[in-house]
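Enquirer: Chains as they are written, first to last, in the working numbering: chain A, 1 to 112; chain R, 1 to 112.
2 protein chains.
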Amino acid sequence: MPFEGNGNHFGTVYAGVIFTLAEVLGGAMSFSSFDSSTHYPLIRGMQISYLKPGRGALTASTSLDDATIERVLAEAGPDRKAAFELHAEVVDEAGVVVATTVGDYQIRPFGS
Amino acid sequence: MPFEGNGNHFGTVYAGVIFTLAEVLGGAMSFSSFDSSTHYPLIRGMQISYLKPGRGALTASTSLDDATIERVLAEAGPDRKAAFELHAEVVDEAGVVVATTVGDYQIRPFGS
């Protein structure tokens, strides 16, 4: 994500923008790992820690281990939801960690 | 904050937008309660809980009690920072609580 349009007068990226950059990974991860034809992702809560000012272009990354993906797939039946936790990290162009997040997500069957 | 431009295809307001609506109150509260000619506000971290889907126009509110304001003013000297916690609530037009947040903020003297 570029700085332009997302920064304040301190030359740093807005806190809400950094949050959003990390938060949307929950949806992306859900669509790539689970069945988006039967379940949709939902965020229940998130903790963000701001470690350094965010300057320049920022990148967020996360991962879900195979065991968690298998557990969620097993739990999330046709009319059952399942929860998963996602840890994400936002770094600047030098690789400095600007923020870390822990998000509580669910996938829920459509209609619920 | 209006729904238009801030919502997704579920008809609900984006998680990051709800976060931002609550988060910016820390800066607003800081500018209204402390000395913005000597200190600037900084967010260290935030926990957000999403309780209900956010539909329609949303409003965020918060408050700082007088004792906290006095403590922060006493702690924040010419070259000293001070921390405060802010609890905020985001409600819809019917008054339903959509999200709650607990933010960890600091005010810091300029140049630090």
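Heads up, the beta-carbon is just placed ideally off N, CA and C, and yes, glycines get one too.
Within a Cβ cutoff of 6 Å, which residues of the same chain sit near Lys52/R, ignoring the five residues on either side of it in sequence?
Expert: Result list for Lys52/R: Val96 and Val98, in chain order.
Enquirer: Please list the segments of the beta strand (DSSP E) lying wholly inside the stretch 47-79 of chain R, counting only runs of 3 or more residues, in order along the chain.
Expert: Here the runs fully enclosed are 59-62.
Enquirer: Would DSSP call Phe110/A helix, strand or coil?
Expert: In this structure, Phe110/A counts as coil in the three-state DSSP scheme.
Enquirer: If we call anything under 8 Å between Cβ atoms a contact, is Thr100/R one with Glu85/R?
Expert: No. Outside cutoff.
Enquirer: Can you name the start and end residues of the alpha helix (DSSP H) that Glu85/A belongs to?
Expert: Glu85/A -> not in any alpha helix (DSSP H); beta strand (DSSP E) instead, spanning Ala82 to Val91.
Enquirer: When DSSP labels each residue in this structure, what does Val96/A get in the three-state scheme?
Expert: Val96/A: coil per DSSP, three-state reduction.
Enquirer: Examine chain A for any beta-carbon lying closer than 8 Å to the beta-carbon of Ser32/R, and answer yes or no.
Expert: Chain A, which has no Cβ nearer than 8 Å to the Cβ of Ser32/R, makes this no.
Enquirer: Is there contact here, the stretch 53-65 of chain R with the stretch 60-76 of chain A, by at least three beta-carbon pairs under 8 Å?
Expert: No, because fewer than three Cβ pairs between the stretch 53-65 of chain R and the stretch 60-76 of chain A fall closer than 8 Å, the two stretches do not touch.
Enquirer: Taking the alpha-carbon positions, what's the Gly16/A to Pro78/A distance?
Expert: Approximately 35 Å between the Cα atoms of the pair.
Enquirer: With three or more C-beta pairs closer than 8 Å as the rule, is the stretch 36-46 of chain R touching the stretch 20-35 of chain A?
Expert: As far as the Cβ criterion goes, the stretch 20-35 of chain A does not touch the stretch 36-46 of chain R, which means the pair count is below three.
Enquirer: Compare the C-beta of Ile107/A with all C-beta atoms of chain R and state if any pair is closer than 8 Å.
Expert: No - not a single Cβ of chain R is within 8 Å of the one on Ile107/A.
Enquirer: Run down chain A in chain order and give the residues with a C-beta less than 7 Å from the C-beta of Ile48/R.
Expert: Gly45 and Met46, listed in chain order.
Enquirer: What's the gap between the Cα of Leu42/R and the Cα of Ile69/R?
Expert: Going from the Cα of Leu42/R to the Cα of Ile69/R covers about 16 Å.
Enquirer: Quick check on this structure: which residue in Val91/A, Arg80/A and Ala83/A has the alpha carbon closest to the alpha carbon of Val13/A?
Expert: It is Val91/A whose Cα lies nearest to the Cα of Val13/A.
Enquirer: Whole angstroms are fine: how far does the CA of Val72/R sit from the CA of Asp65/A?
Expert: Going by the C-alpha atoms only, they are around 43 Å apart.
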